[in-house]
Amino acid sequence: DLRFILRVAIARICAVRCRVDELVLLRKQYAMTIENEGEKLYCSLNEGVTAVLRLSADCPMLKGSAFVDQLIGTGGWDAKELELIRTTMNSGDYKGTHLWLKLNHSDINRRLLTCL
């Protein structure tokens, strides 16, 4: 059905437009590297943690379309603590990467303060 194809095409265009807006917001707040046309992001956080994010083709249109693939810590971060933070971050059901990373960044700050 031609209507279905048109709806899917329009939805993909909207998703790309929204993704670009999300990436612009993220780039303003974090040092970031983008790979694979926005499918993989490396966001450096001030706490000595780099979050490697994976985005699905539907991000940020659908909840759960972004997740933390890996957290890389420097300066004494414990691998078990980073894995716990990563699991916690992925358990949320957020729609976009900007709000999601902002909320979880505060969790990383809180955990860092309790470790010191």
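If you read the sequence shown in the numbering used here, its first letter stands for residue 3, the second for the next number, and so on.
Where a beta carbon is used, it is the ideal one built from N, C-alpha and C, also for glycine.
So what does DSSP say about residue i, is it helix, strand or coil?
| i | result |
| --- | --- |
| K65 | coil |
| S93 | helix |
| A53 | strand |
Buried or exposed: residue i, going by 16 or more other Cβ atoms within 10 Å of its Cβ?
| i | result |
| --- | --- |
| C16 | exposed |
| L118 | Residue confidence for L118 is low, a pLDDT of 42 falling below 50, so the modelled location carries little weight; the figure read from the coordinates is stated next. Exposed: under 16 other Cβ atoms inside 10 Å. |
| R21 | buried |
| A81 | exposed |
| R19 | exposed |
| V70 | buried |
| I87 | buried |
| L84 | buried |
Ignore the nearest five residues each way along the sequence and tell me which others in residue i's own chain have a CB closer than 6 Å to its CB.
| i | result |
| --- | --- |
| Q72 | V54 |
| T76 | G50 |
Comparing alpha-carbon positions, which option in the options lies nearest residue i?
| i | options | result |
| --- | --- | --- |
| D60 | T52, E24, L28 and G77 | E24 |
| K30 | V18, E39 and S46 | S46 |
| A13 | G40, N92 and L64 | L64 |
| M91 | L4, G77, G75 and G66 | G66 |
Leaving out five residues on either side along the sequence, give the residues of the same chain with a beta carbon under 7 Å from the beta carbon of residue i.
| i | result |
| --- | --- |
| W79 | G50 and V51 |
From what residue to what residue does the beta strand (DSSP E) around residue i run?
| i | result |
| --- | --- |
| A11 | From DSSP, A11 is part of no beta strand (DSSP E) but of the alpha helix (DSSP H) over L4 to Q31. |
| S46 | K42 to L47 |
Give me, in chain order, the residues of the same chain whose beta-carbon lies closer than 8 Å to that of residue i; leave out the 5 immediate sequence neighbours on both sides.
| i | result |
| --- | --- |
| E37 | L43 and Y44 |
| Y32 | C45, S46, L47 and L103 |
Is there a Cβ from chain B that is less than 8 Å from the Cβ of residue i?
| i | result |
| --- | --- |
| L86 | No chain B is present in this structure, which holds just one protein chain. |
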